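Plus 145 on top of the position in the sequence shown (first one is 1) and you've got this note's numbering. To start, the structure under review is shown below, and the notes come after it.
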Amino acid sequence: MLGICRGRRKFLAASLTVLFVPAITWIYLFAGSFEDGKPVSLSPLESQPHSPRYTASSQRERESLEVRMREVEEENRVLRKQLSLAQSRSPAHHHGNHSKTYSMEEGTGDSESLRAGIVAGNSSECGQQPAVEKCETIHVAIVCAGYNASRDVVTLVKSVLFHRRNPLHFHLIADAIAKQILATLFQTWMVPAVRIDFYDADELKSEVSWIPNKHYSGIYGLMKLVLTKTLPSNLERVIVLDTDITFATDIAELWAVFHKFKGQQVLGLVENQSDWYLGNLWKNHRPWPALGRGYNTGVILLLLDKLRKMKWEQMWRLTAERELMSMLSTSLADQDIFNAVIKQNPFLVYQLPCFWNVQLSDHTRSEQCYRDVSDLKVIHWNSPKKLRVKNKHVEFFRNLYLTFLEYDGNLLRRELFGCPSEADINSENLQKQLSELDEDDLCYEFRRERFTVHRTHLYFLHYEYEPASDNTDVTLVAQLSMDRLQMLEAICKHWEGPISLALYLSDAEAQQFLRYAQGSEVLMSRHNVGYHIVYKEGQFYPVNLLRNVAMKHISTPYMFLSDIDFLPMYGLYEYLRKSVIQLDLANTKKALIVPAFETLRYRLSFPKSKAELLSMLDMGTLFTFRYHVWTKGHAPTNFAKWRTATTPYRVEWEADFEPYVVVRKDCPEYDRRFVGFGWNKVAHIMELDAQEYEFTVLPNAYMIHMPHAPSFDITKFRSNKQYRICLKTLKEEFQQDMSRHYGFAALKYLTAENNS
């Protein structure tokens, strides 16, 4: 591997080497040129094969010395050149210029073998490449469509952010799904010196839909062909990446390779590392035309300005039309067309060293790309098998990928000091809000949590929803952490309708959840469940933020605000849809109450009817929810009346009331100041009452709370006096805010609290 030739220590080392190595070498050679005190001639012209002192051994020794001398002379020449380059740059250090410079590996620029590529790459001379300025923006284009590709993009971006030292501008060609997911993700990630622009992939379909494509990437696998037309006309160059790429080095090193393009070279590509384009993988295998082994398009350097001048659009279209007459379709999407163009115009391509795209596909020859793992730059999982691909060093590659997959993305929110950042209104507002808080306040951490921006990945798994024709559909809304995953399958069995879940997880836990879900037949059979990951940050469980995230991303007109520890009765979904019509929820402000019960038994024969539930209540198998510890929370439901009720009935709000309700999707959000345990649902029900919602109890609906170990937050509430003091303070402030917002009508909340 080449190092970066900079710094005073290396300058001094190079100087000493140039001064002393020649002297020591010549002393050694001079001493070795004597035999028995007489000089031994090193010149072939002076050889004396007939001398009695001349032997075969001395001949070999002399030849060895000659070879060694030439090697040392060559080493000295390289060292002198390096020293000269270092001296020419040294004044910049004395004048305070601390801009970062990179030493870049040489590419072949020709169609050489894989081994030649790596050898040439590793033998380049330090300091030959132009510098990438410290604050120069690096442009990266990625085509991304769908739920799974959005997850892959996150891992790719993490690997780039981990190594980067330059501002980045990502150009994402995305469909509507990927745009929704990634726009929210980057907005909540708030990484400094990173800009995101989206381009509508669906609008580009007409540009490439005429090309039949057998590749699993579908129509989106052809969209790299139209980047010259899609990206801004003033953008001169861009690095184009597949979503299944992992970086093992600073992307600035790859960006610097643009400076090595010469003449009409406009495409930087790595040679394909399989025999695909040689056409010998199986009988009658007929690939698209390519130059030698062809090139892989997982990593592309595009000189956009020159490509536009060359009329790239016309060039690739004519080539594709001609080849499709005989090939009928592409097998490797855009890669086939790129290679067909290069076959006719080899001068367009600059061949990158193959460690810039180590391809882990089937039949790969990637092992010839590196002598050591430190040679690796970019890993490309371009097999449909992805992490399951067979490779001699696949364990190392897999571990590197998993490192970024599970890496805490919050740690990548680091500033690039010395580089001006674009003004971000969200960041500025956040800083202003935080600056207004008193850090000496004993409840500072509680207040700060209200303004914390949690990185959020919407629709972590594939989601499909078909709207109901009668516009009565209801989504179950809940939130959970890792210790409640076991409830998911049971809830899916009890509720067949759409579900929106917010999961509070770390990056590593998100991957554990993914493996858990993919291994569950129940969860994988349900496509109408939206899983939204809110990444962990801070010391509190942001329960109301999670509820708001789940509420905001429902696709139905109504929602059932539940908790993850409750199992709804069988058939509740259909019952609620009928109740929505019966009680005219579309045109009235109503909150339909689903009575809550609980069991202390981990194994429960779930009641299949109201009659069976009443029997279990009488036997003591079930209880009204929190009857033993918090009666006020559900007492206004009036369970005595519910036992015999056959029609819905209205109840009035009372202090500390916190029922589980069905409401329209336009109901107010939960108040974020309440985190962890305490008053998070009470405050929401209070606000519904202030907005004149009518509370109506459903006579034939019920839900049952399943037992579990106490949460960490309730433990803190019970054991920490300051926690309880802060909660009381937040309650009082909330009530004051209610009075200011709703006026005289809200005074009853203060009175009720004082009397409770």
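We treat Cβ as the ideally placed atom computed from N, Cα and C, and that holds for glycine. Computed from a predicted model, the values in this text were never measured in an experiment.
Item: Length-filtered (4 minimum) alpha helix (DSSP H) runs lying within the segment 330-359; Value: 346-353
Item: The segment 702-711 contacting the segment 611-629, beta-carbon criterion three pairs below 8 Å; Value: yes
Item: Which listed residue (642, 682, 703 and 546) has its alpha carbon closest to that of residue 719; Value: 642
Item: Per-residue DSSP class, three states only, for residue 269; Value: Low local confidence applies: a pLDDT of 40 at residue 269 is under 50, so the model's placement there is unreliable, and no value is given.
Item: Residue burial classification, residue 886 (beta-carbon count within 10 angstroms, cutoff 16); Value: exposed
Item: Residue burial classification, residue 246 (beta-carbon count within 10 angstroms, cutoff 16); Value: With a pLDDT of 41 at residue 246, under the threshold of 50, the modelled position of that residue is not reliable, and the figure given next carries that caveat. Classification of residue 246: buried, given that the 10 Å Cβ count is 16 or more.
Item: Among 504, 497, 668 and 483, nearest to residue 418 - alpha-carbon criterion; Value: 504
Item: Reduced DSSP secondary structure (H/G/I, E/B, other) of residue 541; Value: helix
Item: Proximity below 8 Å, CB of residue 561 to CB of residue 401; Value: no
Item: Same chain, Cβ closer than 8 Å to residue 907, five either side skipped, listed in chain order; Value: Because the chain spans 146 through 901 in this model, residue 907 falls outside it and cannot be assessed.
Item: For residue 376 and residue 294, believed in contact at Cβ under 8 Å, the rounded distance; Value: With 8 Å as the limit, residue 294 and residue 376 do not qualify as a contact, their Cβ atoms being about 19 Å apart.
Item: 6 Å CB neighbourhood of residue 492 in its chain, flanking five on each side removed; Value: 409
Item: Classification of residue 615 by the beta-carbon crowding that lies within 10 angstroms, buried from 16 upward; Value: exposed
Item: 8 Å Cβ shell around residue 371 - same chain, five flanking residues per side excluded; Value: 349, 352, 353 and 458
Item: Reduced DSSP category for residue 506 - H, G, I as helix; E, B as strand; rest coil; Value: coil
Item: Residue 677 vs residue 695 beta-carbon contact at 8 Å; Value: yes
Item: The segment 296-316 / the segment 539-550 touching (three or more Cβ pairs under 8 Å); Value: yes
Item: Residue 559, buried or exposed, once every other Cβ within 10 Å from all chains shown has been counted against 16; Value: exposed
Item: Within 8 Å, strictly: CB atoms of residue 705 and residue 621; Value: yes
Item: Counted within 10 angstroms of its Cβ, other Cβ atoms place residue 774 as buried (16 or more) or exposed; Value: exposed
Item: Separation of residue 751 from residue 392, as counted between CA atoms; Value: 51 Å
Item: Helix, strand or coil at residue 745 [DSSP, three-state]; Value: coil
Item: Straight-line gap, residue 479 to residue 582 (C-alpha atoms, nearest Å); Value: 54 Å
Item: Residues that residue 441 bridges to, as DSSP identifies them; Value: 415
Item: Residues that residue 626 bridges to, as DSSP identifies them; Value: 649
Item: Environment of residue 735 [buried if 16+ CB atoms lie within 10 Å]; Value: buried
Item: Cut-off 8 Å between Cβ atoms - residues of its own chain near residue 715, not counting five sequence neighbours on either side; Value: 639, 751 and 753
Item: Strand pairing of residue 289, partner residues [DSSP]; Value: 319
Item: Assigned secondary structure, residue 168 (DSSP; H/G/I helix, E/B strand, else coil); Value: Model confidence at residue 168 stands at a pLDDT of 47, short of 50, so the residue's coordinates are unreliable; what they give is reported in the following sentence. DSSP places residue 168 in helix when its eight states are reduced to three.
Item: Burial state of residue 890, where buried means 16 or more other Cβ atoms lie within 10 Å; Value: exposed
Item: In chain order, each alpha helix (DSSP H) run of at least 4 residues that lies wholly inside the segment 733-790; Value: 755-764 and 784-789
Item: Own chain residues within Cβ distance below 8 Å of residue 326, not counting five before or after; Value: 292, 295, 602, 603 and 604
Item: 7 Å Cβ shell around residue 665 - same chain, five flanking residues per side excluded; Value: 634
Item: Anticipated Cβ contact below 8 Å, residue 652 with residue 765, distance rounded; Value: Actually they do not touch by this definition, with Cβ atoms about 45 Å apart.
Item: Rounded separation between residue 486 and residue 406 - CA only; Value: 18 Å
Item: Test item: CB-CB of residue 288 and residue 359 under 8 Å; Value: no
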